[in-house]
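A.B. asks:
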Amino acid sequence: MSIHARADSRRHDVYDICVGSVLGSMVAFFSYRRYYPRLRSQRCGEPFPSRAQTFNADFLKVRGDEEHWRDLREELELEDRENESG
53 MSIHARADSR RHDVYDICVG SVLGSMVAFF SYRRYYPRLR SQRCGEPFPS RAQTFNADFL
113 KVRGDEEHWR DLREELELED RENESG
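This is the structure:
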């Protein structure tokens with residue numbers, strides 16, 4: 053339905069139609085940008101990685117770091133024990 057037809061039906065004012073169009077365009081733009089890069093980008097058709105993927109990758113990184121430091125701490129404690137006894 054065109055703007056003229058909506059206004060002629062006397063159910064909507066031109067102001068209502070224009071504000072609704074601007075509001076709808078803004079919601080559509082921000083919804084698109086939440087999941088996709090900007091339109092001028094070469095990869096505008098590829099969505100961003102999901103938050104679940106990035107969260108799990110970071111979690112595994114932290115877990116790996118914790119294991120590394122725990123192993124290092126155990127090695128240092130063993131060295132300290134050997135130095136104290138010898």
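Residue 127 in the numbering used here is what sits at position 75 of the sequence shown, and the numbering runs on without skipping anything. Even for Gly, the Cβ is constructed at its ideal location relative to N, Cα and C.
Within the same chain, show all residues whose beta-carbon is closer than 6 Å to that of P89, passing over the 5 residues directly before and after it, in chain order.
C.D. replies: Excluding sequence neighbours, P89 sits near R95 and C96.
A.B. asks: Y84 and F100 - do their beta-carbons sit closer together than 8 Å?
C.D. replies: No.
A.B. asks: In chain order, what residues of the same chain have a beta carbon less than 8 Å from the beta carbon of E98, not counting five sequence neighbours either side?
C.D. replies: Once the five neighbours on either side are set aside, the close Cβ partners of E98 are Y88 and P89.
A.B. asks: Helix, strand or coil for G97 per DSSP?
C.D. replies: G97: coil per DSSP, three-state reduction.
A.B. asks: Looking at the structure shown, is D65 part of a helix, part of a strand, or coil, going by DSSP?
C.D. replies: Coil, per DSSP.
A.B. asks: Let me check you understand the geometry: is the CB of R85 closer than 7 Å to at least one non-hydrogen atom of the ligand SAH?
C.D. replies: The ligand SAH is not part of the structure shown, which contains no ligands of any sort.
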